[in-house]
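Working notes for the structure below.
2 protein chains.
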Amino acid sequence: MQWNGWGDPEHDPAQMISESTRALLEQTLGASLSEQPPVPLDQVRPPASRLTQTARAALRTVLGSAGLRDDDRTRIDHCGGKSTDDLLRRRAGDVTPCPDAVLFPASHEELLDVLRICNEQRIAVVPFGGGTSVVGGVEPVAGPMATVVTVDLSRMKQLLHLDEDSHTATLHAGLRTPEVEELLGARGYTLGHLPQSYEYATIGGYAATRSTGQASGGYGRFDDMVVSLRMATPRGTLAPGRSPASAAGPDLRQLVLGSEGTLGIITEVTVRVRPLPHARTDAAWVVPDFSTGVRAMREIARAAPRPTVARLSDETETFVQATLAGRDPAPGSLLVLGFEGTDSEVTRQRAAVDEALRRLDTSSAASGGTHGPAVAADSSAVGDWRRSRFDGPYLRDALLSVGVLTETLETATTWSQLEPLYHAVRDALHASLDGPEGTAIVMCHISHSYPSGASLYLTVATPCGRDPRARWARAKRAASDAIAANGGTITHHHAVGTDHRPWMSTEIGALGAASLAAMKSTLDPAGILNPHKLIPDGPANVTDA
Amino acid sequence: MQWNGWGDPEHDPAQMISESTRALLEQTLGASLSEQPPVPLDQVRPPASRLTQTARAALRTVLGSAGLRDDDRTRIDHCGGKSTDDLLRRRAGDVTPCPDAVLFPASHEELLDVLRICNEQRIAVVPFGGGTSVVGGVEPVAGPMATVVTVDLSRMKQLLHLDEDSHTATLHAGLRTPEVEELLGARGYTLGHLPQSYEYATIGGYAATRSTGQASGGYGRFDDMVVSLRMATPRGTLAPGRSPASAAGPDLRQLVLGSEGTLGIITEVTVRVRPLPHARTDAAWVVPDFSTGVRAMREIARAAPRPTVARLSDETETFVQATLAGRDPAPGSLLVLGFEGTDSEVTRQRAAVDEALRRLDTSSAASGGTHGPAVAADSSAVGDWRRSRFDGPYLRDALLSVGVLTETLETATTWSQLEPLYHAVRDALHASLDGPEGTAIVMCHISHSYPSGASLYLTVATPCGRDPRARWARAKRAASDAIAANGGTITHHHAVGTDHRPWMSTEIGALGAASLAAMKSTLDPAGILNPHKLIPDGPANVTDA
Numbered sequence: 344m345q346w347n348g349w350g351d352p353e354h355d356p357a358q359m360i361s362e363s364t365r366a367l368l369e370q371t372l373g374a375s376l377s378e379q380p381p382v383p384l385d386q387v388r389p390p391a392s393r394l395t396q397t398a399r400a401a402l403r404t405v406l407g408s409a410g411l412r413d414d415d416r417t418r419i420d421h422c423g424g425k426s427t428d429d430l431l432r433r434r435a436g437d438v439t440p441c442p443d444a445v446l447f448p449a450s451h452e453e454l455l456d457v458l459r460i461c462n463e464q465r466i467a468v469v470p471f472g473g474g475t476s477v478v479g480g481v482e483p484v485a486g487p488m489a490t491v492v493t494v495d496l497s498r499m500k501q502l503l504h505l506d507e508d509s510h511t512a513t514l515h516a517g518l519r520t521p522e523v524e525e526l527l528g529a530r531g532y533t534l535g536h537l538p539q540s541y542e543y544a545t546i547g548g549y550a551a552t553r554s555t556g557q558a559s560g561g562y563g564r565f566d567d568m569v570v571s572l573r574m575a576t577p578r579g580t581l582a583p584g585r586s587p588a589s590a591a592g593p594d595l596r597q598l599v600l601g602s603e604g605t606l607g608i609i610t611e612v613t614v615r616v617r618p619l620p621h622a623r624t625d626a627a628w629v630v631p632d633f634s635t636g637v638r639a640m641r642e643i644a645r646a647a648p649r650p651t652v653a654r655l656s657d658e659t660e661t662f663v664q665a666t667l668a669g670r671d672p673a674p675g676s677l678l679v680l681g682f683e684g685t686d687s688e689v690t691r692q693r694a695a696v697d698e699a700l701r702r703l704d705t706s707s708a709a710s711g712g713t714h715g716p717a718v719a720a721d722s723s724a725v726g727d728w729r730r731s732r733f734d735g736p737y738l739r740d741a742l743l744s745v746g747v748l749t750e751t752l753e754t755a756t757t758w759s760q761l762e763p764l765y766h767a768v769r770d771a772l773h774a775s776l777d778g779p780e781g782t783a784i785v786m787c788h789i790s791h792s793y794p795s796g797a798s799l800y801l802t803v804a805t806p807c808g809r810d811p812r813a814r815w816a817r818a819k820r821a822a823s824d825a826i827a828a829n830g831g832t833i834t835h836h837h838a839v840g841t842d843h844r845p846w847m848s849t850e851i852g853a854l855g856a857a858s859l860a861a862m863k864s865t866l867d868p869a870g871i872l873n874p875h876k877l878i879p880d881g882p883a884n885v886t887d888a
Numbered sequence: 344m345q346w347n348g349w350g351d352p353e354h355d356p357a358q359m360i361s362e363s364t365r366a367l368l369e370q371t372l373g374a375s376l377s378e379q380p381p382v383p384l385d386q387v388r389p390p391a392s393r394l395t396q397t398a399r400a401a402l403r404t405v406l407g408s409a410g411l412r413d414d415d416r417t418r419i420d421h422c423g424g425k426s427t428d429d430l431l432r433r434r435a436g437d438v439t440p441c442p443d444a445v446l447f448p449a450s451h452e453e454l455l456d457v458l459r460i461c462n463e464q465r466i467a468v469v470p471f472g473g474g475t476s477v478v479g480g481v482e483p484v485a486g487p488m489a490t491v492v493t494v495d496l497s498r499m500k501q502l503l504h505l506d507e508d509s510h511t512a513t514l515h516a517g518l519r520t521p522e523v524e525e526l527l528g529a530r531g532y533t534l535g536h537l538p539q540s541y542e543y544a545t546i547g548g549y550a551a552t553r554s555t556g557q558a559s560g561g562y563g564r565f566d567d568m569v570v571s572l573r574m575a576t577p578r579g580t581l582a583p584g585r586s587p588a589s590a591a592g593p594d595l596r597q598l599v600l601g602s603e604g605t606l607g608i609i610t611e612v613t614v615r616v617r618p619l620p621h622a623r624t625d626a627a628w629v630v631p632d633f634s635t636g637v638r639a640m641r642e643i644a645r646a647a648p649r650p651t652v653a654r655l656s657d658e659t660e661t662f663v664q665a666t667l668a669g670r671d672p673a674p675g676s677l678l679v680l681g682f683e684g685t686d687s688e689v690t691r692q693r694a695a696v697d698e699a700l701r702r703l704d705t706s707s708a709a710s711g712g713t714h715g716p717a718v719a720a721d722s723s724a725v726g727d728w729r730r731s732r733f734d735g736p737y738l739r740d741a742l743l744s745v746g747v748l749t750e751t752l753e754t755a756t757t758w759s760q761l762e763p764l765y766h767a768v769r770d771a772l773h774a775s776l777d778g779p780e781g782t783a784i785v786m787c788h789i790s791h792s793y794p795s796g797a798s799l800y801l802t803v804a805t806p807c808g809r810d811p812r813a814r815w816a817r818a819k820r821a822a823s824d825a826i827a828a829n830g831g832t833i834t835h836h837h838a839v840g841t842d843h844r845p846w847m848s849t850e851i852g853a854l855g856a857a858s859l860a861a862m863k864s865t866l867d868p869a870g871i872l873n874p875h876k877l878i879p880d881g882p883a884n885v886t887d888a
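Line by line, the protein sequences are chains C and L. By our numbering, the letter at position 181 of the first sequence is numbered 524, and the numbering carries on one by one without gaps. By our numbering, the letter at position 489 of the second sequence is numbered 832, and the numbering carries on one by one without gaps.
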């Protein structure tokens with residue numbers, strides 16, 4: 344992973360922006376773009392480590408000398424995640440905050456010892472899987488502590504157990520998706536979890552952040568896949584999940600899922616796996632507009648069985664993606680569906696989609712809407728999405744290099760609120776970005792949907808301007824306020840971290856915040872775990888709601 | 344509802360046991376049975392109410408005079424749930440513990456006021472929906488308080504909102520299933536949640552106990568259906584669920600679900616609803632034995648789409664049900680499937696089942712198992728289950744009247760552990776019940792299954808013997824210990840209440856118990872809510888796990 348960008352260093356993003364694309368960008372964004380060269384690594388120095396000799400010695404006793412590293416490069420590689428703000432800081436040579444050391448426990452038991460020592464020594468502990476957080480989740484914030492260490496899970500990479508009768512796999516938290524798929528694939532299984540970050544993101548990170556993959560229609564959200572978890576805390580082990588389903592009180596798995604390292608560090612996750620699919624096929628349609636597409640997605644989300652992938656781009660994203668792929672952009676909104684499974688499962692998925700789209704045609708005709716079919720096949724777009732679907736973060740680096748700021752944000756709500764929310768967030772972004780420094784392109788797609796609602800995933804591209812960090816902070820605040828005011832969740836699958844924390848009190852209310860704070864006080868009495876993330880401040884100020 | 348038995352008083356259970364059935368029971372159970380007439384209601388007196396005049400006056404100010412009742416009959420009707428132990432006590436004329444008064448709030452706001460008063464006056468509060476708990480969940484235990492009131496939700500019965508775009512309905516907690524289905528059915532929708540208790544059980548109770556209905560294959564568990572909830576606590580309102588899915592931290596809906604009135608009282612639940620099905624059809628098969636049936640259920644649980652209903656009876660239950668229905672019992676295990684939806688959805692469900700059963704045949708043949716088809720249609724059994732599926736609780740009253748003790752218990756685990764768990768629990772029940780007082784019939788079915796595991800639902804019939812309550816307590820303890828020792832959950836859908844509480848520390852561990860206790864201290868600082876239920880004692884004793 345690049346220290347100041349995304350992904351494989353061999354993959355040169357500069358080639359992704361042609362001269363003609365750059366000219367088109369200048370025209371569209373209404374600004375002349377200038378190169379923004381990053382500060383080279385050899386000119387960057389992290390602050391001195393504050394880890395005491397006492398703590399270092401105690402930790403080395405548990406971890407060995409290879410298990411505690413505080414060289415500059417290791418610390419820089421763990422100085423945060425991959426939000427655009429993170430990259431802007433690093434490109435400017437700023438690698439603060441930086442962990443005072445990086446720890447590499449090789450087992451759950453070693454991690455329990457590490458947490459015991461850090462608890463005694465009052466050292467803040469930040470878990471780190473693939474380091475792909477885009478919300479500040481892995482930023483090494485010391486909070487009220489004098490020292491902060493990052494715990495890198497990369498030495499915990501085993502497939503611990505595969506139960507072929509139950510179709511479950513127990514996986515170490517440090518496994519990355521390609522490693523999981525290789526281990527499972529050799530036995531004839533797949534996890535089927537493919538978020539855009541899949542090359543680097545880890546099993547523990549997926550659980551800690553409630554990740555959602557691009558094939559969520561068929562494989563479910565990551566939290567849907569989890570049968571049980573094991574989490575190390577300063578008080579010992581919490582390992583909820585005694586059976587696939589239970590009525591034995593509140594589901595404590597759901598407290599561990601989404602806890603973002605604030606309650607403990609997840610070391611093992613037992614997940615449902617599936618046999619490798621026999622068949623895989625894609626299809627694409629064009630609908631006249633986003634609004635029609637939303638209704639199509641709604642019907643498809645209620646299909647049984649559902650397609651494995653269902654994704655709708657709004658008119659702007661449809662136009663931009665066709666342009667980037669060198670195709671003639673057709674008017675309308677692009678709907679991409681993917682089908683996976685046995686041959687007959689694929690047949691049934693397609694039949695269910697056909698039925699859903701027939702319902703859409705019937706309701707469109709009944710409401711005096713479009714005449715003729717609401718959807719038309721667009722075979723030329725079928726391959727574009729599958730070829731380019733993991734390119735986003737690489738493209739962001741290329742755009743930053745030519746002075747274009749890009750970032751994404753996402754939310755979810757019920758179907759009835761989805762279009763008002765979409766317009767409110769778009770309007771907020773345009774209002775905060777369009778001006779003397781240029782304008783913004785705001786694209787949106789729906790890639791995760793449910794019988795009762797769906798997510799919105801927005802991508803923004805705008806000139807960097809004089810102060811790109813301040814420019815984006817304003818836009819993000821405006822978009823987040825619009826989400827909160829229009830009934831959306833502050834995050835559907837990026838998690839909370841530092842960036843969404845100011846909106847958590849609105850999201851879960853004062854008693855919800857107090858409940859999380861009470862959990863944290865129980866599992867992490869000294870407050871060493873991932874300080875200032877997720878859980879809003881002020882549990883002492885709770886008043887009756 | 345009968346005060347000392349199940350259901351509609353017009354439904355006379357005595358007619359359910361013919362002379363020939365009784366003779367067969369005596370022969371099978373190895374004991375001569377004798378009539379056990381219950382103490383009539385007019386000979387039963389509850390203890391005097393301990394509610395102070397101060398508290399009564401304060402509560403009447405909020406609720407009006409109709410909203411607080413402490414007449415004998417109302418108190419007796421709320422003196423507990425419907426476990427066999429509950430019925431045995433009431434048939435013996437014992438109606439303790441009895442609530443000191445029964446409160447009937449008409450709104451969330453009234454309930455908040457009630458909780459404020461009870462918090463000030465240190466009055467224990469037990470929520471009551473349909474009163475169908477079989478685990479002591481609604482037993483009016485005062486715990487450390489001097490007084491206990493039951494809060495009956497039966498004045499909260501509105502369909503508050505139906506969102507037809509999102510297919511969600513916001514329902515008052517006090518609505519019973521037939522009322523819900525009537526309200527939704529008039530608008531073209533169904534909830535599709537039909538546990539055996541459906542005639543009386545309420546929406547709030549389903550949420551508080553993580554109920555599972557007989558059509559869980561198609562409609563999901565109740566907790567799957569929930570989009571948001573509103574819960575009144577002594578500290579105010581907790582209302583989690585801002586969108587169908589979210590990554591904004593731990594899912595607080597899952598803390599409210601299954602909380603059994605210990606953290607607050609649920610007043611409103613927004614659930615996913617479905618259009619009324621166009622088509623409904625059943626099918627039944629016989630498999631050679633339970634073990635083959637388990638493999639069939641496993642394949643069916645992974646079908647896409649799944650059938651709406653899938654239920655497998657073991658050899659004993661298959662034999663007994665055929666006998667009760669007056670059919671010739673065929674050897675083997677009965678598999679009943681139900682299909683619901685549009686015509687084409689039903690077609691796809693059937694196709695998916697056919698594919699699953701073909702996989703079973705292939706794997707059976709490959710492992711040198713049964714030759715010929717592993718499953719054969721049994722059309723004669725198709726209707727039996729649908730006709731009799733809600734009769735169990737009525738039949739229990741009839742059996743108690745002739746001196747036969749019947750009770751049910753349930754658990755769940757992964758597919759790989761299911762048969763070992765089945766044998767362990769059956770063996771424990773037989774070991775504790777078979778002896779000089781007769782023997783036990785132990786029947787089992789699987790009615791809720793998942794890709795990674797399934798539930799086991801056991802029904803026991805045995806002579807009452809000299810002390811039926813002690814006899815069942817021994818058997819229940821032995822079965823629960825066997826469940827805990829063999830990796831099962833202590834309850835898959837009956838909840839915890841008082842009866843499963845001794846096994847909760849094994850179920851969730853010391854840190855899990857401490858986490859629930861911390862949540863309770865936050866939401867219910869005085870500990871007035873449903874004392875001595877669900878949450879195990881001793882959070883002060885937590886040691887590192």
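Ideal placement from N, C-alpha and C gives every residue a C-beta, glycine not left out.
Once the 5 residues before and after residue i are set aside, which same chain residues still bring their CB inside 7 Å of it?
i: Thr-371 (chain C); result: Ile-784
i: Ser-403 (chain C); result: Position check: residue 403 (chain C) holds Arg in this sequence, whereas Ser was assumed. For Arg-403 (chain C), where only same-chain residues beyond five positions count, the Cβ hits under 7 Å are Leu-411.
i: Asn-462 (chain L); result: Pro-577, Ala-869, Ile-871
i: Pro-593 (chain L); result: none
i: Glu-452 (chain C); result: none
Skipping 5 residues on each side, what residues in its chain have a beta carbon closer than 6 Å to that of residue i?
i: Arg-564 (chain L); result: Thr-555
i: Met-568 (chain L); result: Val-614, Arg-615
Compute the Euclidean distance between the alpha carbons of residue i and residue j, then round it to the nearest angstrom.
i: Thr-427 (chain C); j: Leu-748 (chain C); result: 8 Å
i: His-773 (chain L); j: Ala-767 (chain L); result: 10 Å
i: Met-359 (chain C); j: Thr-666 (chain C); result: 13 Å
i: Ala-648 (chain L); j: Asp-506 (chain C); result: Reading the sequence as shown, one finds Pro at residue 648 (chain L) and not Ala. Each residue's Cα considered, the two are about 23 Å apart.
i: Gly-480 (chain C); j: Pro-487 (chain C); result: 17 Å
i: Leu-606 (chain L); j: Val-469 (chain L); result: 11 Å
i: Ile-608 (chain L); j: His-843 (chain L); result: 20 Å
i: Asp-686 (chain C); j: Arg-702 (chain L); result: 14 Å
Within 10 angstroms of the Cβ of residue i, are there 16 or more other Cβ atoms? Answer buried if so, exposed if not.
i: Glu-378 (chain L); result: exposed
Review point. The stretch 806-838 of chain L: which residues have C-beta closer than 8 Å to a C-beta of chain C, in chain order?
Key: For the stretch 806-838 of chain L, the residues whose beta carbon sits under 8 Å from a beta carbon of chain C are, in order, Gly-830, Gly-831, Thr-832, Ile-833, Thr-834, His-835, His-836, His-837, Ala-838.
Practice item. For the stretch 668-713 of chain C, list the alpha helix (DSSP H) runs that are entirely contained and at least 4 residues long, ordered along the chain. Key: Within the stretch 668-713 of chain C, the complete alpha helix (DSSP H) segments of 4 residues or longer fall at 686-709, listed in chain order.
**Study point:** Cβ-based contacts, 9 Å cut-off: residues of the stretch 580-601 of chain C near chain L
**Key:** Thr-580, Leu-581, Ala-582, Pro-583, Arg-585, Ser-586, Pro-587, Ala-588, Ser-589, Ala-590, Ala-591, Gly-592, Pro-593, Asp-594, Leu-595, Arg-596, Gln-597, Leu-598, Val-599, Leu-600, Gly-601
Exercise for review: Anything in the stretch 502-531 of chain L with a Cβ closer than 7 Å to a Cβ of chain C? List those residues in chain order, please.
Suggested key: Asp-506, Asp-508, Ser-509, His-510, Thr-511
Practice item. Identify each residue in the stretch 860-881 of chain L for which the Cβ-Cβ distance to at least one residue of chain C is less than 7 Å, and report them in chain order. Key: Ala-861, Met-862, Ser-864, Thr-865, Leu-866, Leu-877
Exercise for review: Name, going along the chain, the residues of the stretch 672-689 of chain C whose beta-carbon falls closer than 9 Å to a beta-carbon of chain L.
Suggested key: Gly-684, Thr-685, Ser-687, Glu-688
Review point. Counting only runs that start and end within the stretch 785-856 of chain L, where is the beta strand (DSSP E) found for 3 or more residues in a row?
Key: With a minimum length of 3 residues, the continuous beta strand (DSSP E) runs that stay inside the stretch 785-856 of chain L are 796-806.
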